[in-house]
Structure formats: structure tokens, C-alpha cells
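Notes to accompany the following structure.
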């Protein structure tokens, strides 16, 4: 109608039309401008910082409420010790059980710290279900309850995960507006910034947060991401502290655990040996903590009867552990010897206190405030109490962090470190009551400074980071002890790194996440290992002349994510690599129902012609054929709506039979989910078809299939990665490691003048590195079992895999080579 | 004799022999153990830290002495103002002239900051003569004199360079003991640590040093290098400060510019807008500084007459600039309005002072100390003096940092920033004399805090770093202003980064160092540029069937560092790449004297046989032939001692002639040093041979050469890089940039299913990135001219190049395509 109007040439219409066009143009332009702005990094980062600050503040508020409630209950029941004990114990048991149950039901991925998984994700591996809204809810609720229980748990690791979840959800949300957030490398950049925000708004420590997140999650860090982290973390920390001011908790923006050490003479040069001792002892302590933590996990899993029992009653283990810990810390009971009534925060405040507890030899004239009073016991010395506190909290923390609730280990370790530092500091103060420096002015020793040093050193040792020093500066608001802290942290790191992996790497190994271990420092022998020493020489490849049968065989062997494409088996010139899914689709398409139907139709046409020529057709038979055709056509149309999925494939039974007899030493991909999925589907489909069809039809189709399989592959529709990463035989392990970590590679082909001679995957590299390392991980559970156990898609695929396994065993009698099993499961990890 | 002894079986001998073997074994083992220990990183880092701390301390000591001497002279001559002026002015002029002259004579590479060059070196580019002992001496002596002159120059950038020099020299020194320091990637890791040490021991700021060096020098940072930096920088800072304690300068280890701001209430929330204003203004100021600095360099170089004059009298420019600056800061003259008598350090101390200068409205009851007194002028307001100080120092610093002496821009900018912050702080204090917070207790405003914020913000803006915040914390020993500082630094960075490159990137562009520019933030269009848009499609390649003539032609075209090897011109399947030097060696070897001599000998033998058969030989002629042979044999043996160098090559004149007539549109590699070197050598050699030989011989050899050139290349002895980095047409610019920076690539081939279709080099990438950027560098001097002008090897090769040029022009009359010239010079940069 518009064209009609315009052909009649009416000027009013013309003007209106133009105005309309212009206004639409303007509106579109404005909208596009706004959209493009929405896509900008800084808006995203501000939003992220804001959201995380709010989350952090609200969570802190709720945790404080929960802790207060426990104290209130405990205080209100002071008439009856048994009631008091029951209240003291039941409260955390209920909270932890709820946390564990909630986490388990909503999103089991939310359990634990989250830093190991973020490290893996930032390495480029996609962990399923790890960055969803469900996980966010589970993590936030679970963490609040867990911390509200008063158990020695931390919130730092989970906060890294929560911030990443926030970032991922924000990305999704903002991609409704702008299209920029689809870029994968950008997403990873944003996740890296989110990790910094997580630590930053947890401790109100933007600089320490950025550095800690870099140290903990990255191998190679893009400096251009640096400002993102700083920007978002600073904004987040700022809002977090401003909220506290608005809430009248604070007068102005200050540090979380503000200290008031003197500025003029923070410490004497002669005190440095004591600080060094703290560092070295913390190094050993940190390694011991990691070892103990792993030992507990290992023990719980090795004991099959316990394990079975616990698997059935999932909430029993958390409840028992909580019961044990709260019983021991019951203030009127054993808790009186370890300041059981203090929360983590109160404990830290008392440790960082400016005054010396032992100065006047425990006399009464020392003006105790409420927190410090907990360390004063009529029967026991303050040293004894500190030692008991350290020992008890040590194993309690190591035990508590194995619970299946969202929790971190940083804060408990930090507290233990502070206690140890305080112990050394108090000892020094008792030893030199007048201070060390005797040149006139007396500067007494400040045990609080020792506590700060100890906290930084022990947390640094457990996490293998140096930036705990910066976190400590920001937490206390004082930097006067910078040199002692740096010295202690570096010494602690040196000791701990040579004894044990970091707590996060330990968890990565326990969970068998697909992560490349670090090259340890000073391992010079690594410079002498070459790629040719570790590469797999028996590479699966397809050539330009490959038939569909070759493709099929490659798919059956199938522990590879990608397959190499070479020019020919003689020249072996590497042309590129093809994804497994591509091959599968190609094969499925070639033997597709459409093509088979075409064949059947052609055959039917030919037969009908033959029949019509030779004899009169039985009308019944003809009708059946037509029915068949109609039914198939409908289903074909249906399947054409979902062309991307490998749906409606041709039965592959003959091919399966052939290969299983031909290849004796075959590997069954027991756990490759996509693979088994397809084949199970094929198999079921095939059985259905078998039942529906007369025997003769099936045999003809078998023949047709055999024919089709011997055809050469058509290359036009292939999606080939023409530049897979290539190494040379002489490339050193060191360089290979660098390249793999830099580019986040999964595998690389080894070529010699363009000829493919081998392949190196993450697995070989990991083996090579771990083989030359003294520290070894433990192999307890199957990889990613914690995710697969309860993931919805995981469970179904596993049951299907077993089904296929049975079928397979019935049809063939091949032996499964056991040593190849971890191989298949490794590729499973990668494909997840 | 030993075997004799043992066969006679004497038990004493046996025992002694065994003991000897054992002891030798032990000794060897011990020595090996020690050697292996010597190679360890931590020993290296401790040595590096120790040496740098000593260097820093001694330099600081000398600089303080020099500055004191000036003050002493100035103070001693207070009877006569003219004498006083002469002393005040002559002293820095002499020092700066000496510094410039010394640097120019010993090692011109030592001039300037050093950070831009270190950034380039850490990028993987080898800059000649940049890490030698000579440069070290020049830098240390030059820097001491330059800073001793009292000009607004910094020591931070040069310290990065000095530390790198130290590390490189230590590496060399330690490679006498262990063999590990030959690894190139290791060297770069050590240099990265050295940069951290440089900043760390300059400011006694280990954490800030590590972060600053990362931000300033790296694009992608290996987190495993992190501990190295921290370890060495902490150790260095520790020793540096301990030396001060031992020297009785300090009572204990404290910060360099210790502040004493109150801890309870460092600032009010309502003061934050003022801090934000400081940040934004500093951003503009920083950009202006970078622009001004570049403008001065540009102006000095554009003015040809000035330039020529200055080139002749190299010391005149520094002397004139110094004269101008010292005249203006002469205390009894204009210097009284800008606190001219204070050194940089004193100025900073007065800015960071706790007290408010304007509190009582400039009344006398304020207790001025010596430094603050400089800001009090009977006629002028403190605000006026501060404004004059800022404006004057701003252009003075921008001018002074262009001097050809070792100097940095960080410290002057830091001082200006502190002055600006102080100005804002004093204004605030004057505006709100009772402080902003009116809820009962009065907290007055602390202008010193503003000065700290301003210093961090302006230095952050000029260098485009966030870690200046951390440096400030460590310098002042207080972290209470963390949030204002972070906010100001981030805002300053945001403004400055969107206006101008950092001072270091600006210098990189001015000096045309081969560095890849950063992708700016928020440039989304970069995600849409593909490799196919920027790649060069006309790739030079050789095939498996190439003749030596093809090789020769490729070498003549020669602006490439490496040449692609493809299977054949039809298939274009990329097999690898070959270095230019390899090709040259191959060609030289094929047409070598040995092979030619063999040919001559064969020919001579054949002739002799023919002669002896046909006619009687003249004895004289036969003797001459034998002599010839003997002489040639000797020279052959000589040359066999140096098989690696392309020495004693065959004359290539006929080949040169042929190609020059065949290829009209040829490019002459005017500045490729290795190339011209070889050819000049060939040419001279050829002329010598021509004179020594009869004409007939030469013609025969020419024939033989023609024959040889048409032979196919023998591939067995080639050293091929079989895995050059490959990209795909669809690779985005963003990803390409990442890969190039991650791997330090120089070029990458673009392939499509194994077929070579293009090449991308650093140059194309740089163009593509800069083409889409608004901020552009200046192109004033030929690349690396500052290094080439005076380098010993550089000069000789340049003169040779001209020589060759003349020869070439005489023989051929080809036109040189002008637009290809930057191309050749670019490859020159890379090959240096």
C-alpha cells in the first residue's frame, strides 16, 4: 500500500514518510549508541563491583546476625550448662547440615573453595554447570549458613567463585543489549577481573585482591587485564566500605582490622631473626596443613565402608564433624582453654592488639577489654592457651575445610598464623621486657606486629602466594612492618613450595581437574627433556583419500577430541585437524536417513517398474510401501528442524560388527559421553528399525551401507582447523610447557618438515612434569567424579554408557586394556 | 704406567689407587654440586639484589655529596651575588656536560631512561650493545653526575636499566661456573626480575617495584617469575635500608619519605570529590607532559639548522638547557618564588609534611622547619608560590628529560604531582579551616595526604600505571589513604590513557623501537578485523624443487628474516621456514672455494692428461700448476677451521649481473647489515681474485657458476624451522595481537588447509593497530638511528653499505622503489 501511495505522488505523504524514516533512523541510531555504551567494559566492571559489594555487605550482615543469635542463645541459657551445651552444639550442626543439604540439592558444584575450579576455567577448560544462576544461589546461601555456624571456615575462596558467577551472569544479562559479550577471550578477561573483585570486596583489599587472584588463578597474566581488576576491585572495596559508613558501623572508610602500631620505630633490626623464624616455621606449618587436609580427604575416601555409609547419608559427615568441633570449643568445657567463645573476627582483633598481654606477668592491673579477656585463664598461662589454640584450630580447620559446603581455607589459616605470630611475639616480649634496643630510648616489643607477620606468612605458605603481604597491609591499614612481613612471607613460600603443592593445586589434583602443573623452580633437568621424549608416536590420522570406513574406525577408537588430517599416508604432510564432532556429523550425514530413504525410494521405483513390467503388483504390498514412504517423509521433515544435532542417524550395526572383528585391540570409550550418547542412540534406533522392517530390507540396507562406507570422503563440507599448533621434536619441555600454558592448548602436533610424526597432549605433558617432580598428588576418585555423580546430564550418560558396555560385551569378546582407561577418562574431562 | 702397576698386583698401589679415585670422584662430585648450586636462581637473585643495593646506596651517597657541594659553594659565596650565581650555574652545567660527554663517548646507549628499551628487549628483540659492561659504567657514572647537578631528573628508569645490566653481566659471569645461563628464555626471566629489583632498590619499595616493572615492561607476565621479582627486590630493598642503618642515617628500617598522618580518621568521606578532582586533573596533566616532552624532541629534530648545529656540538644543547634551568631556579633570583634552594628530596619531604601551611593564615606562630621555610615568602602567598613551582617545574622537567644523559622522568613528575596535591590540600584547608566533619569531634584536613594522592596520580598518569599507588604506600610507610589514592590513580589513568600514550611508549615511538603497540581499551572494532584484511599476500617462498638461482634471487630481494619453504609452487603446502642466514650459507657453500677448486683441479687434471697425451708439457707451466695447487690446498685447510662463518666464498659477480638484468624492480637492501656485509666481502674477494687470475679462468668459472646455479638445491644439510607459527585467514586482530605478544613473534604465516596464502609481520600488525587508533606517534628519525649512529660495528657496516650502493649503481641502472624503503629498514630493526 505504501508503494501505491507513493506512485500517486502526494507531497504530504512524502514529508510524513521522510519524517518517519528520519525518526526511525534516529531512534535506531540512539538505541545502537546506547547499546554500544552498554557493552563497554567500565560499565560492566562498575556493575560487577556494585553487585559484589552489595552481596558481600549483605552476606557479612547475615553472618553477623547468625553469630549473634548463637551468642544470644548461649548467653540466655546460662542457668543450665546442659541446655547451654545443646544450644551451642545444635545451632551449628543445623546450619552446616542445611548448608550441605541445600548445596547438594541445588548445585553440588558450589561446594568447596572454588579457586581451583576458577583456575581451571581461566586455563580455558569449560567446566559444566559451574557458572550458572543455580550455583550462585547455592553458593551464597550455603556460604552464609556455613560461616554463620562459627566453624573455622573462610569466605575468600567462595567469594572468588561468587564474583565469577556474578560476572558470568552479568555477561549473559548484558549480551541481551550488546553483542560484544559473546567473545570467549573477552569472557575470560572478565572472569579474571571478577576473581580480583572477589578477593577485593571480601577483605576490602583492592590491591591485594588483584595480586592474590593473579597469583592464584593465572599462569600467564595479560597486563592489559590489570586495570580491569584494579578498577573493579577498587570500586567494589570502596562501595563495600561506604556501605559500612552509611550503616553507622564506621565513622569513615578505614581498614577492616585496623592496627595502631607506632610509626616511629616499628621494630628493631635485631628482631628480624625472630620474624625469619616465624616465616620458616610457617612454611613448614603451611605444608603440613596442605598435607593434613589431603590426608583427611584421602582417608575418608579410602575407607570403603565409611565411604559407602557416608555416601548414603550425605549429611551425616558434616553433622558429625560440626558436632565434634563445636563440642571441643564449648566455652565452659574445653573451649575455655582455646578462647572458644570468640568468633574469627574477634580473635583476629585481639591478636592484632597493640598491647602486650604478658608484659606485667599476667597481673591484674592490665586493662583487659572483652576480647583479650578470653585469653586470660585463672589456671593456665597465656602461652599454654595460645599453643592449645594453635594445635586445636590447626586440625579443626584442616578437617572443616573438607566438608561439602561452600568454604575456603584462607581465613582459618590466617587466624592460626596470627596466633602463632602472637605466641612468638609474646615470648619475645617476655624475654626482652625492656625491648631489645638499649641505645637510650626504650622501644618495647609489639606482639601485635608479630601476629600480623605470622598471619601473612602462614596464609602465604598454604596458598603459595606472596601477595598475602599486601592483603595484610590493606586489612590492618598499616605498612610499617613491610620488611619483616616480606621476609617472612618469602621464607614461608620457599619452604612450603619445596615441600607440598599449594592448597588449591592439591585440590586440583584430588579432584583431577584438567590442569597443567607448574614447573617447579630450580628443576633444571626440565631443560633437557625434549618433545620427542614424551610425544605419542602412534597418531590417529585421516588422509585426503580416506574412506568413510576409515572415519568410522577412527571414531570407534575415539579417545581424541580432534583428529589430524594429513595429505596421504605416505607423505604424512599435516594439513590441519578436524574436530571429532565434525567427523561424527559427516559420517552421520553420509549414512543419513535421507540418503537411505532416497536409496530405498530409488530401489522401490526400480522394483515397481520391474514388477509392473514383469507381473501384476499385489495392491496390499504396494500400499504398505507407500505408507512406509509417507511415514518416513514425515519423520524426515521433523528431523530437518534440528539439523545441528546428530539426530535420526542410520543404523551402524554392520559396521560395528566388521570393525570389532577386524580390530582386536580396541579401546572402548566407556566414559566419553557424547560418543556413547550417539552410539547408544544409534543402537536403539537400529533395534527399533529392525523390529519394524522385514529381514530382507535390513540385509539390503546393510549392503548399501557397506558400499557407502567404502566411498571416499567428500571434503567440501568439512570445517577444518587449518593451523593446529605444531611443535618440533627438539622443542624443550620448558618451552612446550610455556606454549601450552600461554595459549591454553589441549594438544599439539609434532611435525618434522611438515610431516606429522607425533602428538603431545596435556596428559603427556602432565606426566612428564610430574614424573620429574618429587611432590606427587593422590589419585583417589575418578576425575571430575564430584561433578559427574550428581549432574543431571552426567548421570544419564553414565547409565547409557554401561548399557552400551553390556551390548558390546555380548557382541564382541575383546579385552579392554586397563592402562588405557585413564586415557579415556582424561579426554572425558576435556570434553566436559 | 698405571696399567703396568696394576697388572703386577700390588695391594698398596690398589688401595692408593682406589683412595685416589675416590677422592677425585668426591672432589668432582662436590665441585659439580657446588657448580649446580651456583646455577640456582636464588643465589643469582641474592647476588643481584646485593649488588644493586650497594650500587644504589653508593650512588645515593655520591649524589648527596655532589648536591651538598653545590650548597656549600653557594653558601660560602654569599658575600657576592654574581659569584654566587656563577657558582650556582657553572656547577650543574659542568656536571651535565660531563655526563653527556662521558655517556656519548663510552656508550651512547646509556642515555635516556632505559625502560622503553628494556620493554623491547623483554619483548624478545635483541638490541645491540645494550647490555654490556661499557653501558653499565656509562650509565652509573652519567646518572650520578646528572642527578648530582640538581636538575629535575629521575633515577628510576635508569635504575631499571642498571639492574638489567647487572643481571646480564652476572649471567655472563655465572655462566663461567654453570651452564644454565645460556638458555635465552631464562635470561629474559632474569631480566624481568632485574627490572623489579631496579625499581625496588631505588625507592626501597619491593612490592611497588615488582608491580611497576610488570606494568611498564610486560604485556604478558609469567606468574612464575613473580616470586623471583619479589625475592630479589625485597632482598635488595632490605640491604639498601640496612646500609642506611649501619651508616647511622636511620635508627631502624623505615620508609624513605616517612609520613605521620593520623590513623584514626585519615580523611572524611566528603573529601573524596577533591581527591577525584586531583585524579582527573592529573590525568590531563600527565597527558600534557607526555605531549610536551614529545613536542620538544620533535621541535629540536625538525629544525634542521638547529639540529645540524647541535649534532656538531653535542654538548651545547645539554649545557644550554642546564644553564636556563639553573638560572631560573637561582634562589636569590626567580628561584625564591619556586623554592629553588630545595633538592628534590627536600621538596618531597616538605610536601608530605603533616602540618598545614595556611592554617593560621601565614602567621608567624607557625613553627617552620628548614624545608618548609622555603615555601614562605614575604611578598607572595603560598598558593602563588606553589602554582609558580608547578608551572615552572612542569616545562623544566619535560625539557630536562630530553637531554642525552641517563635520566628518568618519574621522580620529577612525582614531585610536580605532590606539589599539585599540596596546592589542592592547602586550598581545602583554607576553605574548611575546621575540617568538614561537623559531628562533634573536629578532624582538620591534612594537606600532606593530598600531596601523596597527587604524587601517585600524576606519576601514574604519565607512566600509565596503577602501581604508583603501591610505590607511594611504601615510600611514605602509610597506607591509610589507600582509597583516595586508588580512586585518583585510576581516574588519572583513565583520562591519560585516552589522550596520550605513556611516556615510555611515546619514547618507543620516537625511537622507533620494534615494539608492538597495545590494543587500547574499549576498541571493539578490533574484534572485527581479520588476518586476511591485513596480511601480505605476495609471500616470498622457495619450493622443494628450487634451484640455487631461485635462492639467490630470494636473497637479493631480501627484506625478510626468514623465507617460507613450500612443497611446490602448485600445491603451496607450507613445510616450514628457513632463516635467511641459512640460505646464504647454503648458497655460499655450494659456490664455495673448495668446490670451485675441486672443479679447477679436475679441469687441470683433465687438461694435464690431454696435454701429456697430445704434446710434451713445458716444465715451467707444470711447476706453476703444482704451485697453484699447493697454495690452494693450504688456504682450503685454513678455511676449514672456521666452517661456521660464511668466509672464503665464491665470487658472485655473474649471478649478480644476471639477476640485475632479469629483475628490474629490485629492492636494494641498503641497511641490512649482515646482508651487505657478506656481499661487500664477496665483492672485494672477487676483485682480488680477478686481479690474480688470467681472464680465461674467470670466464670458465663464470660458466661453471651458471651451471651450478641451475642445479637443484640439496635439502639434506638444511636447518629448517619446521613449525613456524601459522594463522588462519579468519583469525581476529585481537587474537593475532595476543599470540604475537604472548610468543614474541616476529611474523606468522597465514595458511589455508596447509597451503601458504600470506604472511603477517609485526609491521602489518602495528599498522593495523595504529591505523585504528586516534593517538599517533611521530616519525622523526630513522629507526634505531640513535644506536646506529655511533655503534662501532654499525658505523663500519653503514660505510660498507654505501660502498656497495655505489658499486651497484655503476653496474645496474635500476630504480629504487621509494615506498619500499621503510620496509627494508623495518627488517633491519628486527635483525639487529
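Chains as they are written, first to last, in full-length UniProt numbering: chain A, 1 to 832; chain B, 1 to 832. Don't be surprised by glycine CBs; every beta carbon is placed ideally from N, CA and C.
Complete runs of the alpha helix (DSSP H) confined to the stretch 387-433 of chain B [at least 4 residues] = 410-431
Taking 8 Å as the CB-CB cut-off, is residue 772 of chain A touching chain B?
-> With a pLDDT of 48 at residue 772 of chain A, under the threshold of 50, the modelled position of that residue is not reliable, and no figure is offered here.
Supposed close pair residue 580 of chain B, residue 563 of chain B - CB separation, criterion 8 Å = 7 Å
Given 8 Å as the limit, is there contact between the stretch 82-95 of chain A and the stretch 326-341 of chain A, that is, 3 or more CB pairs closer than that?
-> yes
Can you grab the Cα-Cα spacing for the pair residue 131 of chain B / residue 165 of chain B, in whole Å?
-> 5 Å
For residue 790 of chain B, name the three-state secondary structure that DSSP assigns.
-> Its pLDDT being 32, under 50, residue 790 of chain B is placed unreliably by the model, and nothing is read from it.
Going by beta carbon distance, what residues of the same chain come within less than 7 Å of residue 388 of chain B, once the five residues before and after it are set aside?
-> 337, 338
Which residues in the same chain have their Cβ closer than 6 Å to the Cβ of residue 857 of chain A, if we skip the five residues on either side of it in sequence?
-> The requested residue 857 of chain A does not occur in the structure, where chain A is confined to residues 1 to 832.
Using 8 Å as the Cβ pair cut-off and three pairs as the minimum, do the stretch 443-451 of chain A and the stretch 252-261 of chain A touch?
-> yes
Any Cβ of chain B within less than 8 Å of the Cβ of residue 206 of chain A?
-> yes
When we look at the beta-carbon of residue 708 of chain A and count the other beta-carbons within 10 Å, is it buried (16 or more) or exposed?
-> buried
From which residue to which residue does the beta strand (DSSP E) around residue 759 of chain B run?
-> 755-761
Measure the beta-carbon distance from residue 205 of chain B to residue 474 of chain B and round it to whole angstroms, keeping in mind my assumption that it falls under 8 Å.
-> 4 Å
Residue 764 of chain A touches chain B at which residues, Cβ-Cβ below 8 Å?
-> Simply none; closest approach about 17 Å.
How would you list, in chain order, the residues of chain B whose beta-carbon sits under 9 Å from the beta-carbon of residue 474 of chain A?
-> 479, 482
Close beta carbons around residue 631 of chain B, own chain, < 6 Å, minus the five adjacent residues each side = With a pLDDT of only 35 at residue 631 of chain B, under 50, the local geometry of the prediction cannot be trusted, and no value is derived from it.
Quick one: Cα of residue 17 of chain A to Cα of residue 530 of chain B, how far?
-> 39 Å
Nearest-angstrom beta carbon gap, residue 252 of chain B and residue 41 of chain A [assumed within contact, 8 Å] = Contact doesn't hold; Cβ gap of about 45 Å is too wide.
Going by C-alpha distance, which of A:117, A:585, A:491, A:452 is nearest residue 350 of chain A?
-> A:452
Enumerate in chain order the residues of its own chain whose CB-to-CB distance from residue 115 of chain B is below 6 Å, with the five nearest sequence positions on each side excluded.
-> 157, 160, 216, 504
Could you give the distance in angstroms between the alpha-carbon of residue 230 of chain A and the alpha-carbon of residue 532 of chain A?
-> 43 Å
Is residue 564 of chain A close to chain B, meaning its C-beta is less than 8 Å from at least one C-beta of that chain?
-> no
Cβ pair count under 8 Å reaching 3, the stretch 489-508 of chain A against the stretch 282-297 of chain A | yes
Does the distance from the C-beta atom of residue 377 of chain A to that of residue 390 of chain A stay below 8 Å?
-> no
Exposure label - residue 195 of chain A; buried when at least 16 CB within 10 Å | buried
For residue 515 of chain A, I'd like the list of residues in its chain whose CB is within less than 7 Å of its CB, leaving aside the five on either flank, ordered along the chain.
-> 119, 120, 123, 508
Mind checking residue 273 of chain A: buried by the 16 CB within 10 Å criterion, or exposed?
-> exposed
Proximal residues of chain B, C-beta to C-beta of residue 291 of chain A below 8 Å = Result: empty, since nearest Cβ-Cβ is about 21 Å, beyond 8 Å.
In the structure shown, what three-state DSSP assignment does residue 849 of chain A receive?
-> In this structure chain A extends from 1 to 832, so residue 849 of chain A is not present and cannot be described.
Kindly give me the distance between the Cβ atoms of residue 555 of chain A and residue 584 of chain A, rounded to whole angstroms, as I take these residues to be in contact under 8 Å.
-> 6 Å
Going straight from the alpha carbon of residue 233 of chain B to that of residue 200 of chain B, what length do you get?
-> 5 Å
Throw me the rounded Cβ distance for the residue 837 of chain A and residue 491 of chain A pair, which I believe falls under 8 Å.
-> Residue 837 of chain A is absent from the structure shown; chain A starts at 1 and stops at 832.
Note the first and the last residue of the continuous alpha helix (DSSP H) segment covering residue 590 of chain A.
-> 580-590
Between residue 754 of chain B and the rest of its own chain, which residues show a CB-CB distance below 6 Å, the 5 nearest in sequence each way excluded?
-> 573
Anything in chain B within Cβ reach of residue 260 of chain A, meaning under 7 Å, just list it in chain order.
-> 263
Check each candidate in B:145, B:73, B:60 and name the one with the smallest Cα separation from residue 101 of chain B.
-> B:145
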